[in-house]
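> Handing you a structure now.
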């Protein structure tokens, strides 16, 4: 009886969570007249792909997609390598200030993003004069900022995975003649792969869906816009094109869903391992 009640509760929660996604897709498929109706219904008898056509034929939509994909992929790749090496150092090496560093990583996750937006803007503008690739109106600025926010969480998560690997395994590898570098990449790295997958999902979603930082740092020009900024084209002063907005949001969701499906099995084991750690 309790199991059935739990299943019903989980189903109800899933329906509540999925309803906004359903309404987004439904709005993208509605004709313009139904979207603007005073009493919208939770279905449509005349689905159309006109909204998707307007989005896909919009100016530079493909460029926006590639920009978002480039930023997300680079952030995921760099954050995984850096967080893995940092987690190994924090768990396998003994050095002064290690505990302080761990506390700082934990505190960094508690600071609201909005509180750091203005200071980060001035930092990006200042260092952009020295390194133009990470300055304003450059995709490099988004990569650096997202790395700064994704690394503390990824390091803290991977720390549990690396700490769970027995020290005896490293000693056995050393007896077999394996160097620390070889042990790290050929033995330790595969063992913490589920944690890397879980951390990569978080980094990818944050970078892909980001609007605040993109709006703050990409202040002029259209060649470096990302998808969330590209949707602003359909927000017009006189009337918003809600069909195209919902269609664009639906297209933005597809890569995230594909990524989730591709790593779903490893993601579940990774999140379970982080809880144990």
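In my numbering, the protein residues as written are 175 to 451. All residues carry an ideal CB built from backbone N, CA and C; glycine is no exception. All figures in this text were calculated on a predicted structure; none of them were measured in a lab.
Determine whether the beta carbon atoms of residue 333 and residue 256 lie at a separation below 9 Å.
no
> Going by DSSP in three states, residue 273 sits in which element: helix, strand or coil?
The three-state reading of DSSP puts residue 273 in helix, counting H, G and I together.
> Residue range of the alpha helix (DSSP H) that residue 383 falls in?
367–383
> Looking at the structure shown, is residue 410 part of a helix, part of a strand, or coil, going by DSSP?
coil
> Closer than 8 Å is the cut-off here; do at least three beta carbon pairs connect the stretch 405–425 with the stretch 353–368?
no
> Taking 8 Å as the cut-off, does the stretch 181–198 touch the stretch 385–404 (at least 3 CB pairs, one atom from each stretch)?
no
> Is the beta carbon of residue 225 less than 9 Å from the beta carbon of residue 420?
Contact: yes.
> If we ignore side chains and look at the alpha-carbon of each, how far apart do residue 290 and residue 180 end up?
41 Å
> Thinking C-alpha only, which one of 409, 406, 373 and 395 is nearest residue 433?
The shortest Cα separation from residue 433 among 409, 406, 373 and 395 belongs to 373.
> Starting from residue 247, trace the alpha helix (DSSP H) both ways and give me its first and last residue.
Start and end: 235–266.
> For residue 202, I'd like the list of residues in its chain whose CB is within less than 6 Å of its CB, leaving aside the five on either flank, ordered along the chain.
If the five residues before and after residue 202 are omitted, its C-beta is found closer than 6 Å to the C-beta atoms of 225, 420, 421 and 424, all from its own chain and listed in chain order.
> Short check: CB of residue 398 to CB of residue 283, under 9 Å?
no
> Under 6 Å Cβ to Cβ from residue 370, same chain only, skipping five residues before and after it: list those, please.
Result list for residue 370: 254, in chain order.
> Does the pairing of the stretch 228–247 with the stretch 304–320 give three or more beta-carbon distances under 8 Å?
yes
> Whose C-beta lies closer than 7 Å to the C-beta of residue 455 among residues of the same chain, with five residues either side of it excluded?
Given a span of 175 to 451 for the chain in the structure shown, any question on residue 455 remains unanswerable.
> Alpha carbon to alpha carbon, how far is residue 335 from residue 366? Give it in angstroms, no decimals.
6 Å
> Could you check if residue 341 is buried or exposed, using at least 16 other CB atoms within 10 Å of its CB as the buried criterion?
exposed
> For the alpha helix (DSSP H) containing residue 340, name the first residue and the last one.
Run containing residue 340: none; DSSP gives neither H nor E here.
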